[in-house]
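*Asks:*
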Amino acid sequence: MSKIGVFVCHCGENISATVDCAKVAETAGNYDGVAYSVDYKYMCSDPGQNLIKSAIKEKGLTGVVVASCSPRMHEPTFRKACAEAGLNPFMCEMANLREHCSWVHEKGEATTEKAIDLVRILVEKVKYNHSLSEIKVPVTKTALVIGGGIAGIQASLDIANTGHKVILIERDPSIGGHMSQLSETFPTLDCSQCILTPRMVEVAQHPNITLYTYAELESLEGFIGNFKAKIRRKSKSLDEKLCTGCGLCTTKCPAKKIPSEFNEGLGKRTAIYVPFPQAVPNKPVIDRINCTYYIKGKCKICEIVCPTGAIRFDQEDQIMEVEVGAIVIATGFTVKQPDFFPEYGFGKYPDVITGLQFERLASASGPTLGEIRRPSDGKIPEKIVFLACAGSRDPAKGIPYCSKICCMYIAKHAMLYQHKVHGGKSYVFYMDIRAGGKMYEEFVRRAIEDDGVNYIRGRVSRIYEKNGKLIVDGADTLLNAMPVEIEADMVVLATAGVANEGAEELAQKLHISYDPYKFFAEAHPKLKPVETNTAGIFLAGACQAPRDIPESVAMASGAAVKVAGLFSQDELTREPIIAVVNRQAPPVYSSCVGCFLCISTCPYQAIEKEEIKNRNGEVIKSMAKVNPGLCQGCGTCVAFCRTKSIDIQGYTHEQMYTEVMALLNEY
Amino acid sequence: MAEFEPKIVAFVCNWCTYAGADLTGTSRIKYASNVRIIRFPCTGRIDYMLLLKAFDEGADGIIVSGCHPNDCHYTSGNFHARRRWIMFRSLCDFTGIDTERIKFSWVSAAEGAKWADIVNATVASVRELGPYTEYKKVAKYPEKEVSHG
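Respectively, the protein sequence lines represent chains X and S. So the first sequence is numbered by our numbering: it starts at 70 and just counts up by one. So the second sequence is numbered by our numbering: it starts at 79 and just counts up by one.
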């Protein structure tokens with residue numbers, strides 16, 4: 070027989086002004102199983118809580134119903150009070166007399182009756198409550214950071230500086246990401262590499278960071294605090310321990326005409342190569358697709374010239390398994406490539422380039438050593454046109470969103486051009502100037518007012534070549550859509566930023582969701598921007614949406630704090646409001662029939678198949694099993710289960726049916 | 079004779095509608111007192127058998143409400159609830175259970191006023207429909223005295 074205590078709170082006058090609290094307490098006192106019922110002015114105050122605690126001890130209460138404010142407000146308070154008095158905290162329920170009754174109804178009998186109903190349904194529910202204990206999950210205090218761009222670098226350093234181990238993987242031969250390709254950064258015009266490369270070196274030298282470049286995530290298993298990741302370390306054809314990074318091999322390699330990825334195809338590299346001089350690690354890899362030895366079976370010049378004998382032509386990919394407690398995804402973005410813009414002649418005319426290519430032209434370490442020279446003949450362009458929103462904000466192109474960074478980098482490009490080419494003329498075609506950010510608007514104004522960049526509000530319909538010039542046909546919508554024709558020497562397209570190649574597959578490996586554009590989805594657009602729906606996996610930077618550098622860094626630090634918070638505990642404590650599959654004695658084992666409908670409905674991949682085997686190892690029953698580390702307690706599986714074999718603690722079938730029945734049947 | 083006071087049971091999710099109803103309270107917006115809220119973790123948890131049970135036990139009207147599409151605390155529970163609701167509704171229509179008595183809606187944690195409107199509208203429409211005695215006839219339950227008031 071249950072002994073339930075009912076504690077009705079007046080909340081000063083907040084409840085008692087419209088509800089007859091004494092009557093509620095009196096009525097509740099007459100219910101079956103209620104051993105004690107009382108009303109008090111402030112139940113959440115110390116004397117109020119002591120009233121509950123002493124009643125639990127003196128009357129030996131087995132359940133408590135506090136009828137006061139919303140459980141969203143004081144449930145933790147009263148559960149804690151119960152626990153302090155020796156009652157399992159999950160034997161305490163709250164009836165919401167304030168927000169759902171006294172504040173929203175006029176004073177009267179009907180309001181008091183409603184209050185009595187609300188108390189009764191919780192009294193009946195608490196009879197079916199079970200003592201639950203919080204779930205403890207151990208935490209492996211190592212983080213895996215995927216992607217070595219600025220976001221991944223920042224996240225790795227921040228986590229490592231809190232004293233935790235970090236494994237950073239990067240699929241390219243060097244860390245640095247897109248930021249290492251940039252010339253200067255807006256709105257300060259400081260050199261990108263000057264601020265980035267010290268960070269890259271710090272990553273390589275940090276005692277808490279293990280860096281694997283030329284490596285990709287192969288698969289992931291497990292859950293928060295307990296992930297097992299398989300990492301594919303692609304063969305570099307090199308013994309990294311022996312290589313000193315002298316660079317002799319790269320100077321002697323005969324395959325010299327391979328377009329350089331780092332220079333966006335504007336420069337050339339060799340088959341054994343370091344992507345750029347400041348690369349970290351500064352050791353080469355062999356690009357097997359273009360290497361003469363792998364194509365023709367002979368060459369091996371690098372092996373001959375290598376003073377330490379570090380070249381390994383027979384090296385194979387390695388699969389490495391690591392255990393990590395949290396994951397930060399910082400895989401970044403990419404930009405739309407040529408075939409996307411036939412009307413702009415991208416790919417047809419060599420002097421129509423992307424913004425990223427312009428960055429390389431403007432960069433002191435680029436193919437032209439920082440001089441703005443057009444790719445076709447190396448001439449300095451006298452007239453240059455920048456097109457904003459090349460692909461972005463264009464539903465017809467499938468990219469209705471704004472790529473966010475282009476307005477700013479176009480202003481920067483135009484400015485750099487004006488600084489480097491005196492007397493040159495630059496034009497920007499734009500739809501709107503979106504310069505939201507600290508010092509951003511001022512920066513764009515500087516480009517227009519101080520550096521004399523001509524901003525034309527309008528779109529460009531096509532670009533074609535005539536007499537060695539690129540004819541840009543556009544319209545000026547501020548002049549009543551007057552046609553504008555510019556004979557340019559070079560055109561730069563601010564191509565849309567899109568999700569990285571392979572983002573979809575990566576999301577599937579990590580069991581996280583992504584949006585229609587394949588950017589990874591955050592757990593909440595406002596309040597959980599760096600979390601994903603999978604506990605323990607966090608996002609940083611442009612893999613979530615187009616982001617500029619300050620935002621990526623801020624996100625990375627935010628994700629790092631989430632990881633550090635996770636790692637500050639030896640064990641994770643979780644509310645036991647989770648689903649469980651019933652277990653029965655053999656030979657039944659469970660009423661679960663193994664239809665596994667629950668697996669397909671679970672948003673957290675928390676349900677797995679469990680096989681029960683006999684002594685001979687034969688499978689005699691296949692049933693569902695909930696992983697308590699992953700289950701978030703939504704209960705969707707419970708409503709789906711056809712045999713009612715899965716139930717959710719705290720909201721069981723018994724409890725919910727009891728509530729419905731108690732509500733409508735007065736005593 | 080006093081006006082018929084319908085009994086309305088509300089099945090709501092903890093994260094949006096329950097919080098929205100809390101906001102109605104903190105904003106002191108008044109609404110009809112005929113509704114009793116039952117809290118679920120998510121609309122995805124709501125087993126529609128519970129709705130039939132509520133009618134069984136004498137409810138005259140039902141509200142099911144959760145987070146707006148794409149706002150579910152658990153990502154997709156409300157989509158499951160919506161799909162199941164569409165199936166359940168056609169089943170009800172087929173078996174003769176009055177679906178006009180069931181109001182399915184989305185109320186976010188910021189829509190305190192909307193919650194009050196939904197309750198008031200449901201109470202008004204169910205009041206017009208009268209006590210739900212037909213269900214018991216369909217289900218061949220013995221008529222039992224259900225007090226309203």
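For each residue, glycine too, the CB sits at the ideal point set by N, CA and C.
Helix, strand or coil: how does DSSP classify TYR736 (chain X) here?
*Replies:* In the first sequence, counting from the first residue as 1, residue 736 (chain X) sits at position 667. The predicted model places TYR736 (chain X) with a pLDDT of 47, which falls under 50 and marks its position as unreliable, so this point remains unresolved.
*Asks:* Roughly how many angstroms lie between the CA atoms of GLU253 (chain X) and ALA459 (chain X), to the nearest whole one?
*Replies:* Taking the first residue of the first sequence as 1, we reach residue 253 (chain X) at position 184. Taking the first residue of the first sequence as 1, we reach residue 459 (chain X) at position 390. So the alpha carbons of these two residues sit roughly 21 Å apart.
*Asks:* According to DSSP, simplified to helix, strand and coil, what is GLN701 (chain X)?
*Replies:* Along the first sequence, one-based indexing puts residue 701 (chain X) at 632. Reduced to three states, the DSSP call for GLN701 (chain X) is coil.
*Asks:* I need the straight-line Cα distance from ASP617 (chain X) to HIS482 (chain X), nearest angstrom please.
*Replies:* Along the first sequence, read from residue 1 onward, the residue named residue 617 (chain X) stands at position 548. Along the first sequence, read from residue 1 onward, the residue named residue 482 (chain X) stands at position 413. Straight-line Cα distance between these residues: approximately 15 Å.
*Asks:* Should GLY719 (chain X) go down as buried or exposed, given a rule of 16 or more other Cβ atoms within 10 Å for buried?
*Replies:* Residue numbering aside, residue 719 (chain X) sits at position 650 when the first sequence is read from its first letter. It is buried - the Cβ of GLY719 (chain X) has at least 16 other Cβ atoms within 10 Å.
*Asks:* Decide if the region 403-417 of chain X is in contact with the region 554-564 of chain X; the criterion is three or more beta carbon pairs, one per stretch, under 8 Å apart.
*Replies:* The answer is yes - the region 554-564 of chain X touches the region 403-417 of chain X, with three or more Cβ pairs under 8 Å.
*Asks:* Using beta-carbon positions only, say whether PRO594 (chain X) and ILE204 (chain X) come within less than 8 Å of one another.
*Replies:* If you number the first sequence from 1, residue 594 (chain X) lands on position 525. If you number the first sequence from 1, residue 204 (chain X) lands on position 135. It is not a contact, given that the beta carbons lie outside the stated cut-off.
*Asks:* Going by alpha carbons, who is nearest to LEU130 (chain X) out of X:ILE668, X:ASP186, X:ALA340, X:VAL192?
*Replies:* As a working mapping, residue 130 (chain X) is identified with position 61 in the first sequence. Cα-wise, what sits closest to LEU130 (chain X) is X:VAL192.
*Asks:* Pick out whichever of S:ARG123, S:ILE196, S:ALA191 has its Cα sitting closest to the Cα of THR102 (chain S).
*Replies:* Looking up residue 102 (chain S) in the second sequence gives position 24. Taking only the C-alpha atoms, the option nearest THR102 (chain S) is S:ALA191.
*Asks:* Got a sec? Which residues, its chain only, sit under 8 Å from VAL513 (chain X) by beta carbon, not counting five neighbours each side?
*Replies:* Sequence index remark: in the first sequence, residue 513 (chain X) carries index 444 (1-based). These residues qualify, in order along the chain: CYS476, MET477, ALA480, ILE502, ALA504.
*Asks:* Using a Cβ cut-off of 7 Å, pull out every chain S residue sitting near ASN602 (chain X), in sequence order please.
*Replies:* Working through the first sequence from its first residue, we reach residue 602 (chain X) at position 533. Chain S residues near ASN602 (chain X): THR153.
*Asks:* Which of helix, strand or coil does DSSP assign to GLN718 (chain X)?
*Replies:* To locate residue 718 (chain X), count along the first sequence from 1; it is residue 649. DSSP places GLN718 (chain X) in coil when its eight states are reduced to three.
*Asks:* Is it buried or exposed, PRO655 (chain X), if we count other Cβ atoms within 10 angstroms and call 16 or more buried?
*Replies:* Stepping through the first sequence from its first residue, residue 655 (chain X) is reached at position 586. With fewer than 16 other Cβ atoms within 10 Å, it is exposed.
*Asks:* Use the C-beta contact count for LYS682 (chain X): other C-beta atoms within 10 angstroms, 16 or more gives buried, fewer gives exposed.
*Replies:* As a first step, residue 682 (chain X) is located in the first sequence; it is residue number 613 there, counting from the start. By the neighbour-count rule (16 or more Cβ atoms within 10 Å), LYS682 (chain X) is not buried but exposed.
*Asks:* Alpha helix (DSSP H) containing PRO145 (chain X): first to last residue?
*Replies:* For the purposes of this step, residue 145 (chain X) is taken as residue 76 along the first sequence, with counting starting at 1. Looking at the DSSP string, the run of the alpha helix (DSSP H) that includes PRO145 (chain X) is 140-153.
*Asks:* Less than 8 Å between CB atoms is the rule here; does HIS169 (chain X) satisfy it with respect to chain S?
*Replies:* Your numbering for residue 169 (chain X) matches position 100 in the first sequence. It does; some Cβ of chain S falls within 8 Å.
*Asks:* Please confirm if ASP100 (chain S) has its CB atom under 8 Å from at least one CB of chain X.
*Replies:* Here residue 100 (chain S) refers to the residue found at position 22 when the second sequence is read from its first residue. Chain X contact via Cβ: present.
*Asks:* Residues in the same chain with beta-carbon distance under 6 Å from ILE327 (chain X), minus the five sequence neighbours each way, listed in chain order, please.
*Replies:* Sequence index remark: in the first sequence, residue 327 (chain X) carries index 258 (1-based). Contacts found: ARG338, ASN359.
*Asks:* So that I know if they touch, is there some Cβ in chain X lying closer than 8 Å to that of PHE182 (chain S)?
*Replies:* Here residue 182 (chain S) refers to the residue found at position 104 when the second sequence is read from its first residue. Judged by the 8 Å Cβ criterion, PHE182 (chain S) is not in contact with chain X.
*Asks:* Let's test the definition: count the other Cβ atoms within 10 Å of the Cβ of LYS310 (chain X) and tell me whether it reaches 16, buried, or not, exposed.
*Replies:* Taking the first sequence and counting its residues from 1, the one referred to as residue 310 (chain X) is at position 241. Exposed, since its Cβ has fewer than 16 Cβ neighbours within 10 Å.
*Asks:* Is the Cβ-Cβ distance between ALA557 (chain X) and ALA550 (chain X) less than 8 Å?
*Replies:* Position 488 of the first sequence, counted from the start, is the residue given in the question as residue 557 (chain X). Position 481 of the first sequence, counted from the start, is the residue given in the question as residue 550 (chain X). No, the Cβ-Cβ distance between ALA557 (chain X) and ALA550 (chain X) is not below 8 Å.
*Asks:* What residue ranges within the region 576-663 of chain X form continuous alpha helix (DSSP H) runs of no fewer than 4 residues, ordered along the chain?
*Replies:* Here the runs fully enclosed are 618-636.
*Asks:* Can you tell me the Cα-Cα spacing of ASP639 (chain X) and ALA220 (chain X), whole angstroms?
*Replies:* Walking along the first sequence from the start, residue 639 (chain X) turns up at place 570. Walking along the first sequence from the start, residue 220 (chain X) turns up at place 151. Roughly 27 Å between the two C-alpha positions.
*Asks:* Consult DSSP for TYR486 (chain X) and reduce its assignment to one of helix, strand or coil.
*Replies:* What you label residue 486 (chain X) is simply residue 417 of the first sequence in a count that begins at 1. TYR486 (chain X): helix per DSSP, three-state reduction.
*Asks:* Just checking my contact of ILE341 (chain X) with PRO353 (chain X) at CB under 8 Å: how many whole Å lie between their CB atoms?
*Replies:* Taking the first residue of the first sequence as 1, we reach residue 341 (chain X) at position 272. Taking the first residue of the first sequence as 1, we reach residue 353 (chain X) at position 284. Right, their Cβ atoms sit about 5 Å apart.
*Asks:* Helix, strand or coil for CYS161 (chain X), going by three-state DSSP, please let me know.
*Replies:* If you number the first sequence from 1, residue 161 (chain X) lands on position 92. Reduced to three states, the DSSP call for CYS161 (chain X) is strand.
*Asks:* Beta-carbon within less than 6 Å of ILE468 (chain X)'s beta-carbon, same chain only, minus the 5 sequence neighbours each way: which residues are those?
*Replies:* Here the question's residue 468 (chain X) lines up with position 399 in the first sequence. Correct list, in chain order: GLY460, SER461, ALA565.
*Asks:* Hey, is the region 119-130 of chain S in contact with the region 138-147 of chain S, meaning 3+ C-beta pairs nearer than 8 Å?
*Replies:* They touch, by the three-pair rule.
*Asks:* Excluding sequence positions up to five away, which residues of its chain have a Cβ less than 6 Å from the Cβ of LEU635 (chain X)?
*Replies:* Position 566 of the first sequence holds residue 635 (chain X). ALA395, listed in sequence order.
*Asks:* Taking the alpha carbon of ARG643 (chain X) as the reference point, which residue from X:VAL133, X:VAL208, X:ASN536 has its own alpha carbon closest?
*Replies:* To locate residue 643 (chain X), count along the first sequence from 1; it is residue 574. Comparing Cα-Cα distances from ARG643 (chain X) to each of X:VAL133, X:VAL208, X:ASN536, the minimum goes to X:VAL208.
*Asks:* In three-state terms, what does DSSP make of ASN119 (chain X)?
*Replies:* Here residue 119 (chain X) refers to the residue found at position 50 when the first sequence is read from its first residue. Helix, per DSSP.
*Asks:* Since GLU92 (chain S) and ARG117 (chain S) are thought to touch, with beta carbons under 8 Å apart, how far apart are those beta carbons, to the nearest angstrom?
*Replies:* Here residue 92 (chain S) is taken as the residue at index 14 of the second sequence, counted from 1. Here residue 117 (chain S) is taken as the residue at index 39 of the second sequence, counted from 1. Inspection of the sequence shows that residue 92 (chain S) is occupied by Asn rather than by Glu. Right, their Cβ atoms sit about 6 Å apart.
*Asks:* Cα-Cα, which of X:ASN157, X:PHE76, X:GLU82 is closest to VAL135 (chain X)?
*Replies:* Taking the first sequence and counting its residues from 1, one reaches residue 135 (chain X) at position 66. For VAL135 (chain X), the nearest C-alpha among the options comes from X:PHE76.
*Asks:* On the DSSP bridge list, what partners appear for ASN696 (chain X)?
*Replies:* Start at 1 with the first residue of the first sequence, and residue 696 (chain X) comes out as number 627. DSSP, once it has assigned bridges, lists no residue as partnering ASN696 (chain X).
*Asks:* Counting only C-beta atoms, is MET79 (chain S) closer than 8 Å to chain X at any point?
*Replies:* As a first step, residue 79 (chain S) must be located in the second sequence, where it is residue number 1. Legend: pLDDT at MET79 (chain S) = 49, less than 50; position of this residue unreliable, no value from coordinates given.
*Asks:* Rounded to a whole number of angstroms, what is the C-alpha to C-alpha distance between ALA298 (chain X) and GLU239 (chain X)?
*Replies:* On the first sequence, position 229 is the one that residue 298 (chain X) refers to. On the first sequence, position 170 is the one that residue 239 (chain X) refers to. One C-alpha to the other measures close to 14 Å.
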